[in-house]
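Trainee:
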Amino acid sequence: MTKIDFEKKICPSCGNAAEKYFCSNCGEKLEIKGYSLNEFFSNILEGFYNFDSRFLRSLKYLIFKPGFLTNEFLIGRRVNYTRPFQLFIILNLIMLITSSFFNESIFSSSLFGHTNNTPYKKFAQNLIMNAHLEQNLTFEQYEIKFNNRLDNYSRTLIFLYIPIFAMALMLITRKRYFYEHLIHSIHSVSFILLVFGLIITPIIIILHTANSFGLIVGVENIDAYILPILAISLVAYFYFSVRRFYNNTRFLSLIKSIFLLGAFFILFMFYRFLLFIFVFYSIKLF
318 MTKIDFEKKI CPSCGNAAEK YFCSNCGEKL EIKGYSLNEF FSNILEGFYN FDSRFLRSLK
378 YLIFKPGFLT NEFLIGRRVN YTRPFQLFII LNLIMLITSS FFNESIFSSS LFGHTNNTPY
438 KKFAQNLIMN AHLEQNLTFE QYEIKFNNRL DNYSRTLIFL YIPIFAMALM LITRKRYFYE
498 HLIHSIHSVS FILLVFGLII TPIIIILHTA NSFGLIVGVE NIDAYILPIL AISLVAYFYF
558 SVRRFYNNTR FLSLIKSIFL LGAFFILFMF YRFLLFIFVF YSIKLF
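Numbering (my numbering), first residue to last: 318 to 603.
#1: Let's test the definition: count the other Cβ atoms within 10 Å of the Cβ of N469 and tell me whether it reaches 16, buried, or not, exposed.
#2: Cutting at 6 Å between CB atoms, please list the residues of its own chain near Q442, excluding the five before and the five after it.
#3: Have a look at I575 and V559 and give me their C-alpha separation to the nearest angstrom.
#4: With 16 other CB atoms within 10 Å as the buried threshold, where does N397 fall?
#5: Considering Cα atoms alone, identify which of R493, F390, T399 and N464 is closest to S426.
#6: Is the Cβ-Cβ distance between T415 and F372 less than 8 Å?
#7: Identify every run of the alpha helix (DSSP H) within the region 453 to 497, keeping only runs that are complete inside it and at least 4 residues long; order them along the chain.
#8: Can you tell me whether F429 is helix, strand or coil according to DSSP?
#9: Are the beta-carbon atoms of K601 and I489 separated by less than 8 Å?
#10: Between the alpha carbons of R567 and L499, how many angstroms are there, rounded?
#11: Is it true that the region 517 to 531 meets the region 539 to 553, where meeting means three or more beta-carbon pairs spaced less than 8 Å apart?
#12: Of all the options C331, R466 and Q403, which has the alpha carbon lying nearest to the alpha carbon of F603?
#13: Whole angstroms are fine: how far does the CA of C328 sit from the CA of I321?
#14: Going along the chain, which residues of its own chain have a beta-carbon closer than 8 Å to the beta-carbon of F590, five neighbours each way excluded?
#15: What number of angstroms, rounded off, separates the C-alpha of N409 from the C-alpha of I516?
#16: With respect to the alpha helix (DSSP H) encompassing Y588, which residues constitute its N-terminal and C-terminal limits?
#17: I'd like to know if the region 500 to 513 and the region 380 to 387 are in contact, where contact means that at least 3 CB-CB pairs between them fall below 8 Å.
#18: Apart from the five residues just before and just after F456, which ones in its own chain have a Cβ nearer than 7 Å to its Cβ?
#19: Check I546 in the structure and name its three-state DSSP category.
#20: For Y496, which of F390, L379 and L413 has the nearest alpha-carbon?
#21: Is A553 buried or exposed, if buried means 16 or more other CB atoms sit within 10 Å of its CB?
#22: Assign P401 to buried or exposed, taking buried as 16 or more other Cβ atoms, counted over all protein chains shown, within 10 Å of its Cβ.
#23: Return the bridge partner residues of I503 from the DSSP annotation.
#24: Alpha carbon to alpha carbon, how far is L577 from I392? Give it in angstroms, no decimals.
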């Protein structure tokens with residue numbers, strides 16, 4: 318934007334007349350101090366500060382006031398918070414970074430986990446039985462290939478859990494638009510990612526460390542340790558979230574939170590099953 322443009326107070330983005338330092342039509346900031354390096358670094362620091370303040374504020378409400386962010390977004394008060402999908406992306410990235418150290422994820426499982434620690438383990442065992450021979454691989458080579466591809470796909474397909482869980486939310490309150498349930502679902506899944514990053518990951522670190530020193534065994538079945546913690550965290554989150562967002566009574570909120578917990582784990586296993594099938598046939602066909 319040139320100095321003349323600024324003096325005329327014409328917005329460079331939409332062309333409308335602007336008042337003071339912001340365009341009232343599109344919100345574009347009009348204050349430009351110059352083109353010095355000082356201005357360049359000031360803009361960078363300002364961007365980080367604005368992002369950090371919104372993100373940390375969003376985290377605070379996500380943890381301590383479940384359902385609040387969803388209400389604020391749908392009411393239209395959005396400028397002070399990180400937008401729902403942006404929050405999900407950031408927390409998903411953090412979870413992926415932390416989980417990559419241990420090859421563990423709450424939304425996926427290793428080949429060993431699929432064939433030994435799931436309701437469909439017999440089906441998985443029969444499907445995998447001769448799969449490595451078809452690929453001219455040893456079972457160990459096939460397992461490495463399967464786990465690597467599983468890890469890659471789980472990072473992408475995790476987005477599918479949002480609309481799936483929104484359908485479960487729709488069952489408990491039908492007087493809302495699906496869009497509203499979708500926003501609520503994004504915040505719920507974001508909370509799950511946050512729990513994994515702040516609580517479950519340190520526990521996994523302790524378990525793997527203890528296992529390396531021979532203090533405990535059975536770390537292969539990591540679900541036995543993390544799912545109870547996840548269940549307790551979720552039922553508490555769902556209770557306060559449902560009570561605040563759907564404005565239900567305490568008793569009804571408790572009933573709905575228990576239902577949502579059950580729905581979450583059913584969908585959780587269904588998601589893992591679909592992921593297993595998807596990875597198996599992607600290796601078989603490609």
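Beta carbons are placed, not taken as given, at the ideal position from N, Cα and C, and that holds for glycine. Because the structure is a prediction, the values reported are computed rather than measured.
Mentor: Judging by the given coordinates:
#1: On the sequence shown, position 152 is the one that residue 469 refers to. Label assigned to N469: exposed.
#2: Numbered from 1 along the sequence shown, position 125 holds the residue referred to as residue 442. The residues are T432.
#3: The sequence position of residue 575 within the sequence shown is 258, counting from 1. The sequence position of residue 559 within the sequence shown is 242, counting from 1. Each residue's alpha carbon lies about 11 Å from the other.
#4: Translated into positions along the sequence shown, residue 397 becomes position 80. Looking at its Cβ environment, which holds fewer than 16 other Cβ atoms inside 10 Å, N397 is exposed.
#5: The residue labelled residue 426 in the question sits at position 109 within the sequence shown. Ranking R493, F390, T399 and N464 by Cα distance to S426 puts N464 first.
#6: As a working mapping, residue 415 is identified with position 98 in the sequence shown. As a working mapping, residue 372 is identified with position 55 in the sequence shown. Going by C-beta atoms, T415 is not nearer than 8 Å to F372.
#7: 456 to 474 and 478 to 489
#8: The sequence position of residue 429 within the sequence shown is 112, counting from 1. Correct three-state label for F429: helix.
#9: Working through the sequence shown from its first residue, we reach residue 601 at position 284. Working through the sequence shown from its first residue, we reach residue 489 at position 172. Contact: no.
#10: Numbered from its first residue, the sequence shown carries residue 567 at position 250. Numbered from its first residue, the sequence shown carries residue 499 at position 182. So the alpha carbons of these two residues sit roughly 23 Å apart.
#11: yes
#12: The sequence position of residue 603 within the sequence shown is 286, counting from 1. The shortest Cα separation from F603 among C331, R466 and Q403 belongs to R466.
#13: Here residue 321 is taken as the residue at index 4 of the sequence shown, counted from 1. Here residue 328 is taken as the residue at index 11 of the sequence shown, counted from 1. Low confidence applies to I321: its pLDDT is 39, below 50, so where it sits in the model is not reliable, and the reading given next is rough at best. Straight-line Cα distance between these residues: approximately 12 Å.
#14: On the sequence shown, position 273 is the one that residue 590 refers to. If we look at F590 and ignore the five residues flanking it on each side, its Cβ neighbours are T435 and Y437.
#15: The count along the sequence shown starts at 1 and reaches residue 409 at position 92. The count along the sequence shown starts at 1 and reaches residue 516 at position 199. Straight-line Cα distance between these residues: approximately 15 Å.
#16: Here residue 588 corresponds to residue number 271 of the sequence shown, with the count starting at 1. Looking at the DSSP string, the run of the alpha helix (DSSP H) that includes Y588 is R567 to L602.
#17: yes
#18: The sequence position of residue 456 within the sequence shown is 139, counting from 1. H449, listed in sequence order.
#19: Locating residue 546 in the sequence shown gives position 229, where the first residue counts as 1. Residue state, collapsed to three classes: helix.
#20: Translated into the one-based positions of the sequence shown, residue 496 becomes position 179. Y496 has its Cα closest to that of F390, out of F390, L379 and L413.
#21: Your numbering for residue 553 matches position 236 in the sequence shown. Exposed, since its Cβ has fewer than 16 Cβ neighbours within 10 Å.
#22: On the sequence shown, position 84 is the one that residue 401 refers to. The residue in question, P401, is buried, as its Cβ has 16 or more Cβ neighbours within 10 Å.
#23: Counted from its first residue, the sequence shown places residue 503 at position 186. According to DSSP, I503 bridges with nothing at all.
#24: Taking the first residue of the sequence shown as 1, we reach residue 392 at position 75. Taking the first residue of the sequence shown as 1, we reach residue 577 at position 260. Approximately 24 Å between the Cα atoms of the pair.
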